[in-house]
Amino acid sequence: MPRLFTGVELPPDVGQDLAIMKGGIEGARWIDPDNYHLTLRFVGDIPDRAADELTGELQRVVAMPAFTIGLSGIGVFGTRKPHSLYVKVEESPDLRRLQAMHERVCQSLGMPPEQRKFTPHVTIARLRGAIPRQVQSYVSAHNLYRSRAFDVSQFVLFSARSSRGGGPYVREEVYPLARAAI
31 MPRLFTGVEL
41 PPDVGQDLAI
51 MKGGIEGARW
61 IDPDNYHLTL
71 RFVGDIPDRA
81 ADELTGELQR
91 VVAMPAFTIG
101 LSGIGVFGTR
111 KPHSLYVKVE
121 ESPDLRRLQA
131 MHERVCQSLG
141 MPPEQRKFTP
151 HVTIARLRGA
161 IPRQVQSYVS
171 AHNLYRSRAF
181 DVSQFVLFSA
191 RSSRGGGPYV
201 REEVYPLARA
211 AI
């Protein structure tokens, strides 16, 4: 099975808003809007049998009710040498709970714990070779960005084909969350 990860897709209109912000950084590789997502848990390359187990175990998470999130602000991974440009996700206890559930499922299947702290974000560009001054100017110019609030009513198990990041990603399985009580 290819490299796997779980994530949340963005609504098309939110993705279009982000796509409008492309450009202005020489050397940046902008992510195709069809591949925008919020990663919940990177799984990596695992054997087919383990992938099948993961696919089944993720069904346990669907009892969680749907919730709403928003995007707000721009950030950069790689302080001295920027390598990724991203849009920040507003703080959401529900999103953190969903991510923690994914982490528990992966660990229950014998996968090692994720070493990095969960920083919810949507990567919009890879910056290897980009000029740091241009990156900082871009962040300053776009840091007031704010999306509309949108529902997280499902999550996806994605596979990533061999590439240098940024897709293409394939939806292997879609998991609808429970409907929120009215």
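If you're matching positions, the sequence shown starts at 31 in the working numbering and goes up one per residue. Using N, Cα and C, we set each Cβ at its ideal position, and we do this for glycine too. Computed from a prediction, not measured in an experiment: that's the story for all the values here.
Residue range of the alpha helix (DSSP H) that includes residue i
{"i": "residue 166", "result": "162-172"}
{"i": "residue 49", "result": "42-50"}
Residue i vs residue j beta-carbon contact at 8 Å
{"i": "residue 30", "j": "residue 114", "result": "Only positions 31 to 212 of the chain appear in this structure, which leaves residue 30 out of reach."}
{"i": "residue 129", "j": "residue 70", "result": "yes"}
{"i": "residue 154", "j": "residue 116", "result": "yes"}
{"i": "residue 182", "j": "residue 132", "result": "no"}
{"i": "residue 187", "j": "residue 48", "result": "no"}
{"i": "residue 169", "j": "residue 106", "result": "yes"}
{"i": "residue 118", "j": "residue 103", "result": "yes"}
{"i": "residue 36", "j": "residue 185", "result": "yes"}
{"i": "residue 177", "j": "residue 44", "result": "yes"}
{"i": "residue 63", "j": "residue 191", "result": "no"}
{"i": "residue 208", "j": "residue 95", "result": "yes"}
{"i": "residue 101", "j": "residue 120", "result": "yes"}
{"i": "residue 160", "j": "residue 57", "result": "yes"}
{"i": "residue 7", "j": "residue 150", "result": "Nothing can be reported for residue 7: it is not among the residues displayed for the chain, which extend from 31 to 212."}
Nearest-angstrom beta carbon gap, residue j and residue i [assumed within contact, 8 Å]
{"i": "residue 152", "j": "residue 67", "result": "7 Å"}
{"i": "residue 148", "j": "residue 126", "result": "7 Å"}
{"i": "residue 165", "j": "residue 50", "result": "At roughly 18 Å, the Cβ-Cβ gap does not stay under 8 Å, so residue 165 and residue 50 are not in contact."}
Reduced DSSP secondary structure (H/G/I, E/B, other) of residue i
{"i": "residue 61", "result": "coil"}
{"i": "residue 181", "result": "strand"}
Endpoints, the beta strand (DSSP E) within which residue i is located
{"i": "residue 213", "result": "Any question about residue 213 goes unanswered here, given that the chain covers just 31 to 212."}
{"i": "residue 84", "result": "Taken as a continuous stretch (DSSP letters only), residue 84 belongs to no beta strand (DSSP E), being part of the alpha helix (DSSP H) at 78-87."}
{"i": "residue 74", "result": "67-74"}
{"i": "residue 37", "result": "33-39"}
{"i": "residue 55", "result": "Unbroken run through residue 55: none, as it is neither H nor E."}
3-residue-minimum beta strand (DSSP E) runs that sit fully inside the segment 102-173, ordered along the chain: 114-119, 151-156
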